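Student: One structure coming up, written as structure tokens, with questions to follow.
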Amino acid sequence: MNDFKFALRQLLKNPGYTLIVVLVLGLGVAINTAIFTVTNAVLFRPVPAVPQQDRLVQMLRSHEGGRQSQMAYADFLHFREHSQSFDGLAAFRDAPMGLGYADETERIRGDVVSGSFFEVLRVPMVAGRSFLPEEDGALEAHPVAVISHRLWQRRFGGRPEVVGERVELNGSAFTVIGVTARGFLGLNRKDPTDVWVPMAMIRSALPSMEDPAKLMNSHEIVWHGVVGRLRDGVTLGRAQAEIDSLFQPILDRLPQQAAEMRIQLVSGIGVIAWAKARLNLFFILLQCVVGLVLIVACANVANLQLARGVKRTRELGIRYSLGATRWRIVRSLLVENVMLALLAASVGALLSMWFIQGTTRLLPASVVLDSITLTPDLRVCLFAGAIALVAAVGAGLFPALRVGRLSLIPTLKEFAALTGTRSSRLSNGFVVTQVTLSVILLLGAGLFLRSVQHAVHVDPGMNVSRVAIGSLDLGMRGYDEARGRRFYDELLERVRALPGVQSAGLAPFAPFSGAGFFAPLESVPADGAAPVAMQVNFTAVTPDWLDTLELPVLAGRG
2 MNDFKFALRQ LLKNPGYTLI VVLVLGLGVA INTAIFTVTN AVLFRPVPAV PQQDRLVQML
62 RSHEGGRQSQ MAYADFLHFR EHSQSFDGLA AFRDAPMGLG YADETERIRG DVVSGSFFEV
122 LRVPMVAGRS FLPEEDGALE AHPVAVISHR LWQRRFGGRP EVVGERVELN GSAFTVIGVT
182 ARGFLGLNRK DPTDVWVPMA MIRSALPSME DPAKLMNSHE IVWHGVVGRL RDGVTLGRAQ
242 AEIDSLFQPI LDRLPQQAAE MRIQLVSGIG VIAWAKARLN LFFILLQCVV GLVLIVACAN
302 VANLQLARGV KRTRELGIRY SLGATRWRIV RSLLVENVML ALLAASVGAL LSMWFIQGTT
362 RLLPASVVLD SITLTPDLRV CLFAGAIALV AAVGAGLFPA LRVGRLSLIP TLKEFAALTG
422 TRSSRLSNGF VVTQVTLSVI LLLGAGLFLR SVQHAVHVDP GMNVSRVAIG SLDLGMRGYD
482 EARGRRFYDE LLERVRALPG VQSAGLAPFA PFSGAGFFAP LESVPADGAA PVAMQVNFTA
542 VTPDWLDTLE LPVLAGRG
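According to the numbering used here, the sequence shown is numbered sequentially starting from 2.
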């Protein structure tokens, strides 16, 4: 206690030094805490209303070259029937929907899921029930839906009577059978879900999808995710080994290009499996970069500590001559650093709230999540306190230990000279560290800016400078194929007739959206060699699409 009182007096006695150290460390702590707050919210924060999330895993297909994709429904059925490592498996697929109720229609995010979805996740219902096994059987036989607590409160006023009422989803009538627990919005924080319908209702939920029977019986068409709950006592490695064994017979029947493909298990939920590896790498690199900033801050503080140690030479020498041990002197210096750490953590926590807003602008488009709460939780607070403590103690450790190694017996004058000589050497070492890390940061920043410049000026292969893009989904309003074709034909005619419009075209996906259809393709070489099988990403467009984007055709015609 005496050490703390003495340390407090010393810090108050030197307010300028205290302020500079707290601000320098606080800035480093704030930047690191801001990045970790986003990392924690995206990757680590539990999904509400889902118990024992450490037992949940997702499945994805991993291909040669590191490419990852969704799952085939026939794979899911095979694993669900034969696997002994899981308490249950469930399939899910996102489905943008138009919700019609009380003469109003709004666009919401929905999911089509297998009947075991809520059972596997163990998400409770606050009203009604979840799906029954028979509701996931015959196609289009059971038009039922479960809605989120958020949608229940916002659109239906939290009325218990909503269970049993009818709503329109993409123009088809569905009966609401349940309301999920508060906070549960699906498995993907990027796109919160407000309504779930059985997989058997996929034709109504996703009118643009292929023949449902074909989708559900194919091992080659990948279009959904899979989540499973491990049995008690089953490790991820054991489950992976079993899935590898079960997948081998399927792999033997797939085209030759699938020889290197495997099913990969990814622990946790909250981020879709095929995006998790990229996000992990992104946040690790980002945290390492800001970690260098903290190290530079520590080097600055260490230099200040050494300079202050020189000024306190006489005081420390007197304390030693009066009977203070080396350990007592070192301990008092470390206590000062602990108090500085507490102050720096407080300042860093306050500054981090401001930095968080800027941090979100650095993230890829797939990580800017409206549904994520970026307020610090206990994990973030512990992180901020820990790095502040490590930084402050680490920055003051070498100066404090240097004092402990000094020979304080000769004279105060000799002590001062020795302190000055050794602290000068150590100070020079910290300066070298600062300069080295600063150069690394500057080089990294320069390379980053150069990469951004290249990305901004990259030739996309088409002219999009004068292109306007709009999107709509007629399936949300219940349009069938014939009615939809008539609407789009009339829409194109009207758009082309607008003043200033040179050409117009239609496609199911926007340019650079990354979306598309997948299909197997087999090329037959002209020299008579064996056919080469592959899976390609394709889209369908109207005749004017290529001309509208001024996309050149290098061979043949458009």
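Beta carbons are placed, not taken as given, at the ideal position from N, Cα and C, and that holds for glycine. If you're wondering where the values come from, they're calculated on a predicted model, not measured in any experiment.
For the structure I just gave you, are there three or more beta carbon pairs, one from the region 271–291 and one from the region 39–55, closer than 8 Å?
Tutor: At 8 Å Cβ cutoff, the stretches touch.
Student: On the three-state DSSP scale, how would you describe M210?
Tutor: In this structure, M210 counts as coil in the three-state DSSP scheme.
Student: Restricting to Cα atoms, I'd like to know which of N33, K14, L352, T19 is closest to Q288.
Tutor: Answer by Cα proximity: N33.
Student: Less than 9 Å between the beta carbons of L493 and L507, yes or no?
Tutor: A contact, by the Cβ cut-off of 9 Å.
Student: Closest to N281 by C-alpha separation, out of G557, F37, L216, would be which residue?
Tutor: N281 has its Cα closest to that of F37, out of G557, F37, L216.
Student: Please classify N171 as buried or exposed, where buried requires at least 16 other C-beta atoms within 10 Å of its C-beta.
Tutor: Classification of N171: buried, given that the 10 Å Cβ count is 16 or more.
Student: Determine the DSSP secondary structure at E105, reduced to helix, strand or coil.
Tutor: In this structure, E105 counts as strand in the three-state DSSP scheme.
Student: Assess contact between the region 172–190 and the region 140–148, defined as three or more Cβ pairs (one per stretch) separated by less than 8 Å. Is contact present?
Tutor: Output reads yes: the region 140–148 touches the region 172–190.
Student: Measure the alpha-carbon distance for S246 versus L335 and round it to whole angstroms.
Tutor: Roughly 57 Å between the two C-alpha positions.
Student: Taking 9 Å as the cut-off, decide whether the C-beta atoms of N338 and V394 are in contact.
Tutor: The answer is yes: Cβ separation under 9 Å.
Student: Ignore the nearest five residues each way along the sequence and tell me which others in M262's own chain have a CB closer than 8 Å to its CB.
Tutor: So the list reads R62, S63, H64, E65, L252, L255, once near-sequence residues are dropped.
Student: Is A206 closer than 9 Å to G116 when the C-beta atoms are compared?
Tutor: Cβ distance not < 9 Å, so G116 and A206 don't count as in contact.
Student: Based on the DSSP output, what are the partners of W1 in its beta bridges?
Tutor: This structure does not reach residue 1, given that the chain is present from 2 up to 559, and the question cannot be answered.
Student: Return the chain-ordered ranges of every alpha helix (DSSP H) run that is complete within the region 83–146 and spans a minimum of 4 residues.
Tutor: Within the region 83–146, the complete alpha helix (DSSP H) runs of at least 4 residues are 118–122.
Student: Measuring CA to CA, which of Q241, L379, W546, V39 is closest to R190?
Tutor: When only C-alpha atoms are compared, the closest one is V39.
Student: What number of angstroms, rounded off, separates the C-alpha of L26 from the C-alpha of I357?
Tutor: L26 and I357: Cα-Cα distance of roughly 17 Å.
Student: Any contact of the region 212–223 with the region 82–89, i.e. 3+ C-beta pairs under 8 Å?
Tutor: No, the region 212–223 does not touch the region 82–89.
Student: Would you kindly report the start and end of the unbroken beta strand (DSSP E) that includes E494?
Tutor: Counting along the chain, E494 falls outside any beta strand (DSSP E), though it belongs to the alpha helix (DSSP H) covering 482–497.
Student: Is the beta carbon of L28 sitting closer than 9 Å to the one on L351?
Tutor: No; because the gap between Cβ atoms is not below 9 Å, this pair is not in contact.
Student: Is there contact here, the region 157–176 with the region 101–109, by at least three beta-carbon pairs under 8 Å?
Tutor: Flag = yes, the region 157–176 and the region 101–109 touch.
Student: Mapping DSSP to helix, strand and coil, what is T181?
Tutor: Strand, per DSSP.
Student: What separation, rounded to the nearest whole angstrom, lies between the Cα atoms of A385 and A8?
Tutor: One C-alpha to the other measures close to 22 Å.
Student: Can you grab the Cα-Cα spacing for the pair V496 / E551, in whole Å?
Tutor: V496 and E551: Cα-Cα distance of roughly 18 Å.
Student: What did DSSP end up calling R309 once you bin it into helix, strand or coil?
Tutor: In the structure shown, R309 sits in a helix (DSSP, three-state: H, G or I).
Student: By how many angstroms is the C-alpha of Q306 removed from the C-alpha of T422?
Tutor: Per-residue confidence for T422 stands at a pLDDT of 49, beneath the threshold of 50, marking its modelled position as unreliable; no derived number is given.
Student: Does the separation of the CB atoms of G184 and W197 fall below 9 Å?
Tutor: No; because the gap between Cβ atoms is not below 9 Å, this pair is not in contact.
Student: So is T412 buried or exposed if we call it buried at 16+ other beta carbons inside 10 Å?
Tutor: Legend: pLDDT at T412 = 40, less than 50; position of this residue unreliable, value from coordinates given subsequently. Exposed.
Student: If we ignore side chains and look at the alpha-carbon of each, how far apart do S173 and V113 end up?
Tutor: For S173 and V113, the distance between alpha carbons rounds to 14 Å.
Student: Taking the beta strand (DSSP E) that E169 falls in, what are its first and last residues?
Tutor: Segment 167–170, the beta strand (DSSP E) holding E169.
Student: Determine which residues share a DSSP beta bridge with Q265 and list them.
Tutor: Beta-bridge pairing links Q265 to L61.
Student: Below 7 Å CB to CB, which residues in the same chain sit around G485 once its five sequence neighbours on both sides are set aside?
Tutor: Within the same chain, G485 has close Cβ partners L475.
Student: If you run the structure through DSSP and keep just helix, strand and coil, what is G271?
Tutor: In the structure shown, G271 sits in a strand (DSSP, three-state: E or B).
Student: Give the DSSP-derived three-state secondary structure of T376 in the structure shown.
Tutor: Coil.
Student: Whole alpha helix (DSSP H) runs in the region 14–53 with 4 or more residues, listed along the chain?
Tutor: As far as the region 14–53 is concerned, its whole alpha helix (DSSP H) runs of at least 4 residues are 16–40.
Student: Does the ligand FMN have even one heavy atom less than 8 Å from the beta-carbon of R108?
Tutor: Looking at this structure, you won't find the ligand FMN or any other ligand, since it has none at all.
Student: Where L499 and P544 are concerned, what is the direct C-alpha to C-alpha distance, given to the nearest angstrom?
Tutor: Each residue's Cα considered, the two are about 19 Å apart.
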